[in-house]
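Read the structure below first, then the notes.
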Amino acid sequence: MRRLAVALAMLALLAAAGERATPHVPIADGERVRREGARLFVGERPFHFVGANVAVMHGAERREALAETLDAVVADGLGVVRVWAFGEARENDGAAWRRDYAFRLWPDVWVEESFELLDRVLAEARARDLRVILVLANRWGDYGGFSQLARWAGQPPADTHLTPGELDAFYACEACEALYQAHVRRVVGRVHPASGVAYADDPAVMALEQVNEVSAASAAGAEAMLAWVERQAALVKALAPDTLVSAGHIGYRTLRERDQWRRVAASAGIDYADSHAYPADDPRIRGLGAMRSWIDDRAQVAQHGLGKPLVWGEVGFADRAPSLRGRSRAGWMEAFLRQVCRDGSTGALVWIYAHGAPTEPGSHIIATERAHAGATRAVLRRWARRNATSPPTPRNPRLGAAAGPEPLFVPQTTVEGAPAGVRWRRDGPAALQACLAHDGFRVARAEDAGVATPEGGRPHLYAAGQGRVDFVLRWPELPAPPTRVVLRARLSSEVPGRDAGPGEGARVRVRWGGVELGVLDAPPDDGDGAWRELVVEDAASLRRLHR
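So the sequence shown is numbered by this note's numbering: it starts at -19 and just counts up by one.
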């Protein structure tokens, strides 16, 4: 039985080897990945890839499994890995966290052992002909991130992560930027002690990513974010002129955010547009057709609108259920990579190759030893092999210069309400008054919408971007038209974490039965809102409503 088991194991290894993609092209000294228009090249060869995020920097178990994790990436034929090269210790982090997670304990106190591990990551990747994207910071409070930089700069956040308002302030904070840039200089300027090659000159370093999931929630925040991205791109380019630079943008949900994403990717110091993709988590994507249009829109903006490559920095489909909307996790990944190839996009990095159990239930994990990930890894192997043997060229007729700037995926969320009907109140012998409640609407349709009850706040219906909310508002039995009608609603233009600034308020146009009644201004505040009244005294409008 022991010999049989060994024989079966050898057969399994041979089968796995047969599924591997074409071997990686060796990384030659001085041969960097470069951009020409909307494509990347290595030498004269177009450079396209299927890659993976790898969890190798944070946690003792995952640090020890570095070689095993990279071996799994290579076994699947993937050519690029994305690595988080940051970690800022918080005051309450214990000794183990500071040892196994942190790059930095205080603004001027660094953890040399973590940088030595990063040296090893680059050496092990180079030995396997893997290109590396180094991420220099985290927008979120995980592993310290922007939140800890803000604390060190004297702007402590209210919670773990910066609110949108706190994030706006971060982009304008000179002390925060100085702290961020100190880490950038430390990483990009480091010289590998074994090879004597600076990170800035290492051909294994494909790109330097400014921050994981940079974003902004308001118009003022978007301007501050854009200026911040441009300043950091200039710094990184000065430190590493031959290395690609990306912003690390999370992507977009609304049309307004789409324009923000486009402007960030258009920045002179940014070499390629990037976006994260968890399509099955978006309720507006109900099937593969919607997902394809969602992908197409980003490819059109980046590749044809801006003339820059598109890299999907994170792609994931949760493993919390056997199927996602009737399709397996592997089936979703297959459809995603097929469309990326059809659009001619540069690459996609799956979330995530990691040793050990998921960090949280339902996370997007391609763990190196978990059997249920096998089908998804088989999909990755097929598309990695296809990229290596036949680089994708755009063949999607929806895309191109002729398509123009109009969205190919128009976001819309539909929320069903519980319309009990709006109650009228007599306000004198010839006047009516009605209040529109957050839970009394019939249906809401907007780029993003829902009903929320924030902790300590008021329940409310929210809508982002353009949209509409329908109420059931029945005309009461009256012998003659009233002389006055008043509609009341509590409204707010909310930017969580701060008051909205000038030009960030919303306008609500009110129509009833085809009659334009007027416009209400939603006051900019932190979300509590204020009562607004629409008074209708136009006799012609009231007669039309009465009919």
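C-beta atoms are modelled at their ideal positions from N, C-alpha and C, and glycine is treated no differently.
The alpha helix (DSSP H) that contains residue i, what's its start and end?
i: Tyr530; result: Lying before the first or after the last residue shown, residue 530 is absent from the chain, which here runs from -19 to 527.
i: Gln212; result: 199 to 219
i: Phe83; result: It is not in any alpha helix (DSSP H) - Phe83 carries neither H nor E in the DSSP assignment.
i: Glu24; result: Where Glu24 is concerned, there is no enclosing alpha helix (DSSP H), given that its DSSP letter is neither H nor E.
i: Ala52; result: 46 to 55
i: Leu98; result: 92 to 107
i: Ser226; result: That residue, Ser226, is in no alpha helix (DSSP H); its beta strand (DSSP E) goes 224 to 226.
i: Arg491; result: From DSSP, Arg491 is part of no alpha helix (DSSP H) but of the beta strand (DSSP E) over 486 to 492.
i: Leu522; result: 519 to 526
Give the C-beta separation of residue i and residue j to the nearest angstrom, bearing in mind that I take them to be a contact with Cβ-Cβ under 8 Å.
i: Gly228; j: Glu193; result: 6 Å
i: Val34; j: Tyr333; result: 5 Å
i: Thr223; j: Asp428; result: Thr223 to Asp428, Cβ: 36 Å. No contact.
i: Asp323; j: Leu379; result: 6 Å
i: Gly249; j: Lys217; result: 5 Å
i: Ile530; j: Asp407; result: Because residue 530 is not part of the residues shown, which for the chain are -19 to 527, the question remains open.
i: Ala18; j: Val112; result: At roughly 23 Å, the Cβ-Cβ gap does not stay under 8 Å, so Ala18 and Val112 are not in contact.
i: Arg307; j: Asp56; result: With 8 Å as the limit, Arg307 and Asp56 do not qualify as a contact, their Cβ atoms being about 21 Å apart.
i: Ala117; j: Phe126; result: 7 Å
i: Pro372; j: Cys321; result: 4 Å
i: Leu525; j: Gly493; result: 6 Å
i: Tyr179; j: Val168; result: 6 Å
i: Leu290; j: Ala253; result: 5 Å
i: Val61; j: Leu46; result: The Cβ separation is near 11 Å, so there is no contact.
i: Gly327; j: Phe95; result: At roughly 27 Å, the Cβ-Cβ gap does not stay under 8 Å, so Gly327 and Phe95 are not in contact.
i: Ala410; j: Pro462; result: 5 Å
i: Gly121; j: Tyr81; result: 13 Å between Cβ atoms; not a contact.
Determine the closest residue to residue i out of the options, with distance taken between C-alpha atoms.
i: Ala162; options: Arg84, Glu44, Val112, Pro374; result: Arg84
i: Val295; options: Gly380, Glu11, Glu16, Gly31; result: Gly31
i: Ile230; options: Pro504, Ala197, Arg405; result: Ala197
i: Arg470; options: Val164, Gly445, Pro461, Arg438; result: Arg438
i: Gly285; options: Arg243, Pro263, Ala315; result: Arg243
i: Gln212; options: Cys156, Leu142, Arg318; result: Cys156
i: Val63; options: Leu188, Pro377, Pro221; result: Leu188
i: Ile7; options: Glu16, Arg25, Arg15; result: Arg25
i: Gly509; options: Trp132, Gly59, Ala417; result: Ala417
i: Ala220; options: Pro459, Trp208, Ala382, Met186; result: Met186
i: Trp241; options: Ala279, Glu48, Gln413; result: Ala279
i: Glu154; options: Gln135, Glu104, Arg365; result: Gln135
i: Leu129; options: Ala69, Asp181, Val54, Val101; result: Ala69
i: Gln283; options: Ser195, Ala381, Ala355; result: Ala381
i: Pro87; options: Trp120, Arg131, Leu98, Phe297; result: Arg131
i: Pro391; options: Ser325, Arg266, Arg366; result: Arg266
i: Ala358; options: Val53, Arg15, Ala40; result: Val53
i: Ala246; options: Ala353, Arg238, Lys288, Met205; result: Lys288
i: His440; options: Pro461, Pro459, Leu412, Val395; result: Val395
i: Ser472; options: Ala444, Ala82, Tyr232; result: Ala444
i: Met205; options: Thr369, Val423, Asp239; result: Asp239
i: Arg124; options: Trp404, Tyr442, His141, Ala200; result: The residue asked about is misnamed: residue 124 is Gly in this sequence, not Arg. Of the listed residues, the one whose Cα sits closest to Gly124 is His141.
i: Arg523; options: Asp505, Leu500, Val495; result: Val495
i: Thr393; options: Trp455, Gly447, Leu500, Asp505; result: Gly447
i: Leu388; options: Arg119, Ala133, Val281, Glu11; result: Val281
What is the residue span of the beta strand (DSSP E) that residue i lies within?
i: Trp241; result: Counting along the chain, Trp241 falls outside any beta strand (DSSP E), though it belongs to the alpha helix (DSSP H) covering 235 to 246.
i: Leu268; result: Element bounds for Leu268: not the beta strand (DSSP E) but the alpha helix (DSSP H), 268 to 279.
i: Met186; result: 185 to 189
i: Glu513; result: 510 to 516
i: Arg14; result: 13 to 16
i: Ile113; result: 111 to 115
i: Gly292; result: Inspection of the sequence shows that residue 292 is occupied by Trp rather than by Gly. Counting along the chain, the beta strand (DSSP E) containing Trp292 begins and ends at 290 to 295.
i: Trp64; result: 60 to 64
i: Phe29; result: 29 to 35
i: Leu379; result: Unbroken run through Leu379: none, as it is neither H nor E.
i: Ala502; result: 495 to 502
i: Arg406; result: 404 to 406
i: Val603; result: For the chain, the structure presents residues -19 to 527; residue 603 sits outside this window and is missing.
Residue i: beta carbon under 6 Å from a heavy atom of the ligand ATP?
i: Glu210; result: Inclusion of the ligand ATP in the displayed structure is not the case, the ligand content being empty and no account of it being possible.
- prompt: Whole alpha helix (DSSP H) runs in the stretch 341 to 377 with 4 or more residues, listed along the chain?
  reply: 354 to 369
field: Three-pair Cβ contact test at 8 Å for the stretch 251 to 261 versus the stretch 272 to 282
entry: yes
Segments assigned alpha helix (DSSP H), at least 4 residues, entirely inside the stretch 122 to 182: 125 to 132, 144 to 151, 154 to 168
Meets three-Cβ-pair contact criterion under 8 Å: the stretch 510 to 520 and the stretch 462 to 477: yes
task: Would you check if there are 3 or more beta carbon pairs closer than 8 Å linking the stretch 392 to 412 to the stretch 438 to 457?
output: yes
field: Given 8 Å, three or more beta-carbon pairs between the stretch 96 to 115 and the stretch 143 to 158
entry: no
- request: Let me know the beta strand (DSSP E) ranges lying completely inside the stretch 411 to 468, each 3 residues or longer, listed in chain order.
  value: 411 to 415, 421 to 432, 440 to 451
query: So, do the stretch 169 to 181 and the stretch 72 to 82 have three or more beta carbon pairs nearer to each other than 8 Å?
result: no
query: Going along the chain, which unbroken runs of the beta strand (DSSP E) with 3 or more residues stay wholly within the stretch 302 to 334?
result: 327 to 334
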